[in-house]
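The numbering of the sequence shown is the numbering used here, which starts it at 399 and goes up by one.
No residue lacks a Cβ here, since even glycine has one placed at the ideal position from N, Cα and C.
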Amino acid sequence: MPILTNALSSRVRLLVAGLVVGCIPIASAAEPVEWWQNAVVYEIYPRSFADSNGDGVGDLKGITQHLAYLQELGVDAIWITPFYPSPQVDFGYDIADYRAIDPQYGTLADFDRLVAEAKKRNIRVIMDMVLNHTSDRHPWFVESRSSRTNPKADWYMWHDGKPGGGPPNNWESIFGHSAWTFEPKRSQFYYHAFYTEQPDLNWRNPEVRSAMYDTMRFWMKRGVAGFRLDAITSLFEDPQLRDEPVARPGVNSYGDPILTRQYTDNLPECHDVLKELRRLTNEFPGRVLIGETYLPNIKELAKMYGAHKDELQLPMDTQFAFNPLSADVFRSKLRDAETQLNGGLPLFFFDNHDNPRSWTRFGDHKNDAAIARLLATLLMTPRCTALMYYGEEIGMENNDPKRIEDVRDPIGKIGWPREKGRDGERTPMQWDGSAHAGFTTGTPWLPVPPSAASINVKAEEGDPDSLLTWYKALIRLKKTNRALEDGTDTMLDTENTKVLSWMRQAAGAPAVVVSVNFTAQPQTVNLANDALGAGTHKLKTLLKTPGAADSLSLDQIQLGPFGVYVGEVQ
Ligand code: GLC
């Protein structure tokens, strides 16, 4: 299947064009350790994780029932995508009430219990916070659209149409077609960066800001450890409403012209809000802000941390996630993250609920398991906080709909067949080999692929060579090996186009080297002259691809196809 087929991915493709490459010596983090540094954050799509009541849709109780699994895996926090009351047009990203739980997911009491039970296992709960837009059913919008004079009239992005009719300008929704919808009661258009049912809030209105900040306080008082800020770069649009220029000829998956997003995304005012959000979360010690930050280059990503580290702690590094499987490319991405993020800690990820799963994106149908181990190593062994997505740890594949009638995600209907939507990466968690993979006793809201018969938690738990066992070992190393915890990263053997190697070093601890073979052929690397000066250094293996030879010395590290070696320098 084509890489990055969905709408957000098209957005990524458009924005990641300007790669910045840099390589200067590495900084080390000498600040107090916060829980989210070097953490593993596990994203849960609640509809698809575990269904406790047999209605075919996952729920909060289902998550609580599987906390032991998450603890055993070694995660520090779970980020749960939205479970607020919602008409579910965008499966929860269209929120109708920011202070309650959608009945299909449970109750506030279920939520409180989840937070309390998670705490007992040292797992924190991060909420998804959608600040850019609400549902069109939210009472604020119902009021706002009712007239031009009501108290909420200015809470959303209302504009007159062009003289003679038609929307104010050419702006397009990320989910296809015009970003403007006409409201007869006001004889005006409202702007929506996403679906028509997701009107954008007016972030230049101080009442909007304080209402949203109060909802965030509400959840922090309930014990949430922080927020993943949805679509945070989309908060502001050009007040002059200038047309977006055409980015390149042709049409996108929805048949629309391909426009830039210079007037609708990443406007400088975003940073004022990020500073306010940071001050707000600082009122509650230990809270973290993760950003959904699809940005064109590393310089823009660096700005998200704030010039004085006063904005986001963890903006997602989208420069890292969407690349060809190339040693050179990942070397430059790791260097960029080490040297150009304003001293910030990178937040790496490969998978989430908006993009085809990495198993499918990177797999070659021959070495898929080895490639998945390689990706896991890239995610867990550099200096970073790692963000993973349910099922990534067992090697779940994408299961895209085959017919338009089966599509649930509306963009898959709008863009069919070029855009099949995001259902494929949102299928039920595969717990065991039984019917519906042990996710539900009812009929699952999305189908489980046949591969679930062997790709599932139960089958992999007892298998020393499984991907799940590999993830557990990596996470344990990340959390317990001094050099991997917060050691500096230094790239080794930097001319090698086939194998990517680097070294982690922390004061008072043995250095750790990591070598990753990006080819389907066996490779041998010699790191003796690069690492720790000339000479032969003995190695103690910490982790290696199942069945691989033991590399005993830095001058001869042997790697099978897409093989991985992690060793301590003695
Ligand atoms: C974010 C979410 C995505 C959602 C969109 C609109 O990109 O990750 O799932 O559709 O925002 O809220």
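Quick check on the burial criterion: 16 or more other C-beta atoms within 10 angstroms. Buried or exposed for residue i?
| i | result |
| --- | --- |
| N520 | exposed |
| T878 | exposed |
| R646 | exposed |
| I461 | buried |
| A428 | Because the pLDDT at A428 is just 46, under 50, the model does not fix this residue reliably, and the value given afterwards should be weighed accordingly. With fewer than 16 Cβ atoms within 10 Å of its Cβ, A428 is classed as exposed. |
| K876 | buried |
| Y963 | buried |
| R771 | buried |
| F837 | buried |
| V914 | buried |
| E803 | exposed |
| G965 | buried |
| F625 | buried |
| H751 | buried |
| G822 | buried |
| V431 | exposed |
| R543 | buried |
| Q968 | exposed |
| V912 | buried |
| E893 | exposed |
| T895 | exposed |
Below 7 Å, is the gap between the Cβ of residue i and the nearest heavy atom of the ligand GLC?
| i | result |
| --- | --- |
| H751 | yes |
| A881 | no |
| E690 | yes |
| A629 | yes |
| V438 | no |
| V528 | yes |
| Q486 | no |
| F760 | no |
| F447 | no |
| Y788 | no |
| Y973 | Any question about residue 973 goes unanswered here, given that the chain covers just 399 to 968. |
| F748 | no |
| Q469 | no |
| F592 | yes |
| Q596 | yes |
So residue i and residue j are supposed to be a Cβ contact under 8 Å. How far apart are they, rounded?
| i | j | result |
| --- | --- | --- |
| T679 | L687 | 6 Å |
| D628 | D526 | 6 Å |
| W910 | A871 | The sequence shown places Val at residue 910, not Trp. With 8 Å as the limit, V910 and A871 do not qualify as a contact, their Cβ atoms being about 14 Å apart. |
| I873 | V438 | 6 Å |
| L952 | L937 | 6 Å |
| D654 | H575 | 6 Å |
| F587 | F580 | 5 Å |
| P842 | G454 | 5 Å |
Does the distance from the C-beta atom of residue i to that of residue j stay below 8 Å?
| i | j | result |
| --- | --- | --- |
| E595 | V473 | no |
| W434 | Q711 | yes |
| T825 | P847 | yes |
| N567 | D612 | no |
| Q531 | D636 | The residue asked about is misnamed: residue 531 is His in this sequence, not Gln. No, these two residues do not count as a Cβ contact at 8 Å. |
| N664 | A700 | no |
| A507 | Y482 | no |
| P959 | Q903 | no |
| E790 | S756 | yes |
| G961 | T939 | no |
| H935 | A926 | yes |
| N436 | T783 | yes |
| P694 | Y703 | no |
| K891 | V923 | First, the residue type needs correcting, since residue 891 is Asp and not Lys in the sequence shown. Yes. Within cutoff. |
| L465 | Y440 | no |
| A623 | V528 | no |
| P485 | R535 | yes |
| Y787 | M827 | no |
| K856 | W829 | yes |
| L657 | V649 | no |
| M889 | L777 | no |
Would you say residue i reaches chain C, if we count a Cβ-Cβ gap shorter than 8 Å as a contact?
| i | result |
| --- | --- |
| D641 | Reference to chain C is not applicable here, since this structure consists of a single protein chain. |
Discussion item. Report the start-end ranges of each alpha helix (DSSP H) in the region 545 to 632 that is 4 residues or longer and not cut off at the edges.
Written reply: Those alpha helix (DSSP H) runs which fall completely within the region 545 to 632 and span 4+ residues are 604 to 619.
Item to complete: At 3 residues or longer, and completely inside the region 461 to 516: list those beta strand (DSSP E) runs for me, N to C.
Response: 475 to 478
Discussion item. List, from N- to C-terminal side, the alpha helix (DSSP H) runs of 4 residues or more that fit wholly inside the region 732 to 787.
Written reply: 756 to 760 and 766 to 778
Discussion item. Please give me, in chain order, every unbroken run of the alpha helix (DSSP H) with length at least 4 that falls completely inside the region 636 to 715.
Written reply: 667 to 680 and 696 to 701
Worksheet item: Fully enclosed by the region 830 to 886, which alpha helix (DSSP H) runs are 4 residues long or longer?
Response: Those alpha helix (DSSP H) runs which fall completely within the region 830 to 886 and span 4+ residues are 855 to 859, 865 to 878 and 880 to 884.
Item to complete: Pick out the complete beta strand (DSSP E) segments inside the region 884 to 926, 3 residues or longer, and give them in chain order.
Response: The region 884 to 926 is shown to contain whole beta strand (DSSP E) runs of 3 or more residues at 886 to 890, 897 to 903, 910 to 915 and 921 to 923, in chain order.
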